[in-house]
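Residue numbers (the UniProt record's numbering), protein chains in the order written: chain P, 1 to 126; chain H, 1 to 126. C-beta: ideal position from N, C-alpha, C; glycine also. Bear in mind the structure is a predicted one, so any value in this text is a computation, not a measurement. Input: a single structure, listed below in structure tokens.
There are 2 protein chains.
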Amino acid sequence: MSDEAGMKRALQAYIDHFNASDPAAIAGLYADDATVEDPVGAELIRGREAIAAFYQRSVATGARLKLAAPIRASHANEAAMAFDVQLNMPQGPALIRVIDTFKFDAHGKFTSMRAFWGPSDMEMPG
Amino acid sequence: MSDEAGMKRALQAYIDHFNASDPAAIAGLYADDATVEDPVGAELIRGREAIAAFYQRSVATGARLKLAAPIRASHANEAAMAFDVQLNMPQGPALIRVIDTFKFDAHGKFTSMRAFWGPSDMEMPG
Numbered sequence: 001m002s003d004e005a006g007m008k009r010a011l012q013a014y015i016d017h018f019n020a021s022d023p024a025a026i027a028g029l030y031a032d033d034a035t036v037e038d039p040v041g042a043e044l045i046r047g048r049e050a051i052a053a054f055y056q057r058s059v060a061t062g063a064r065l066k067l068a069a070p071i072r073a074s075h076a077n078e079a080a081m082a083f084d085v086q087l088n089m090p091q092g093p094a095l096i097r098v099i100d101t102f103k104f105d106a107h108g109k110f111t112s113m114r115a116f117w118g119p120s121d122m123e124m125p126g
Numbered sequence: 001m002s003d004e005a006g007m008k009r010a011l012q013a014y015i016d017h018f019n020a021s022d023p024a025a026i027a028g029l030y031a032d033d034a035t036v037e038d039p040v041g042a043e044l045i046r047g048r049e050a051i052a053a054f055y056q057r058s059v060a061t062g063a064r065l066k067l068a069a070p071i072r073a074s075h076a077n078e079a080a081m082a083f084d085v086q087l088n089m090p091q092g093p094a095l096i097r098v099i100d101t102f103k104f105d106a107h108g109k110f111t112s113m114r115a116f117w118g119p120s121d122m123e124m125p126g
């Protein structure tokens with residue numbers, strides 16, 4: 001059985017913590033032995049320590065996340081969301097269009113995140 | 001290596017074939033031994049014959065699919081899209097908010113589709 005409301009709150013918290021530049025709070029949404037695949041096709045980042053370092057680097061870019069559509073749940077322990085990553089490059093504003101999927105453990109923590117985006121989903125300035 | 005443009009064309013064709021009420025054309029996008037999990041958490045539908053029957057039932061509802069954001073690719077053989085299913089119920093228009101993820105084989109056919117939506121993603125009339 002899925003806790004749709006709880007999963008949606010966790011995904012919204014992910015967005016909010018990112019936009020508050022709080023990588024420790026993002027990492028706190030993950031289980032100890034979770035994995036991150038960002039982008040899909042990249043090597044897995046394993047464990048909360050490595051995940052926290054990943055978000056520290058990500059947040060340091062100054063990027064902001066903006067939902068592109070309401071968060072989706074499912075009939076299982078998984079949820080997904082489409083959002084845009086807004087970046088300020090020296091040349092001007094840039095955008096990466098992403099869909100993240102998340103699996104949850106019984107405690108409502110992420111056990112895995114997978115980020116769907118490719119070079120063709122990036123809009124670079126100039 | 002991923003063929004981002006080819007994957008995005010296939011996902012757009014999925015939308016277009018659905019809206020043209022052509023379940024055989026949708027099934028033709030799948031590999032012979034593909035699986036469909038719709039919604040995530042449901043029993044897998046296995047093989048193109050069962051998948052064709054699934055889309056025949058789906059199309060018979062008169063539903064129409066509308067992208068909620070541009071289709072996303074990835075750095076691997078996977079892509080994803082967020083869309084709304086627009087349904088006409090006897091009581092009025094209804095909506096289901098969905099994110100589908102797809103894996104591809106080397107021939108550009110879907111080997112699996114997973115549909116993220118739960119009861120909380122449905123907007124029913126009344």
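Is there at least one Cβ from chain H nearer than 8 Å to residue i's Cβ?
| i | result |
| --- | --- |
| residue 116 of chain P | yes |
| residue 99 of chain P | yes |
| residue 75 of chain P | yes |
| residue 90 of chain P | no |
| residue 40 of chain P | yes |
| residue 5 of chain P | yes |
| residue 106 of chain P | no |
In the DSSP assignment, find the unbroken beta strand (DSSP E) run with residue i in it and report its ends.
| i | result |
| --- | --- |
| residue 23 of chain H | Careful: residue 23 of chain H lies outside any beta strand (DSSP E), inside the alpha helix (DSSP H) at 23 to 27. |
| residue 89 of chain H | 78 to 89 |
| residue 92 of chain H | 92 to 104 |
| residue 66 of chain H | 64 to 67 |
| residue 114 of chain P | 110 to 116 |
With 8 Å set as the bound, which would you pick, yes or no: does the beta-carbon of residue i sit closer than that to a beta-carbon of chain P?
| i | result |
| --- | --- |
| residue 70 of chain H | yes |
| residue 121 of chain H | yes |
| residue 94 of chain H | no |
| residue 128 of chain H | The question about residue 128 of chain H has no answer, for chain H in this structure spans 1 to 126. |
| residue 58 of chain H | no |
Going by DSSP, which residues form a beta bridge with residue i?
| i | result |
| --- | --- |
| residue 72 of chain H | H/80 |
| residue 122 of chain H | H/96 |
Using a threshold of 7 Å, is the CB atom of residue i nearer than that to any non-hydrogen atom of the ligand MG?
| i | result |
| --- | --- |
| residue 36 of chain P | Of the ligands one can find in the structure shown there are none, so the ligand MG has no counterpart to examine. |
Which ranges would you report for the alpha helix (DSSP H) in the segment 13 to 61 of chain P if only whole runs of at least 4 residues count? The segment 13 to 61 of chain P contains these whole alpha helix (DSSP H) runs: 23 to 27 and 48 to 60.
Assess, as a yes-or-no matter, whether the segment 15 to 33 of chain P is touched by the segment 90 to 101 of chain P under the definition of 3 or more beta carbon pairs within less than 8 Å. No: the two stretches stay apart, fewer than three of their Cβ pairs being nearer than 8 Å.
Cβ pair count under 8 Å reaching 3, the segment 109 to 125 of chain H against the segment 71 to 79 of chain P: They touch, by the three-pair rule.
Would you check if the segment 99 to 111 of chain P and the segment 4 to 18 of chain P touch, i.e. whether three or more CB-CB distances between them fall below 8 Å? Short answer: they touch.
Between the segment 43 to 56 of chain P and the segment 23 to 34 of chain P, are three or more C-beta pairs nearer than 8 Å? Touching, yes, given that three or more Cβ pairs across the two stretches are closer than 8 Å.
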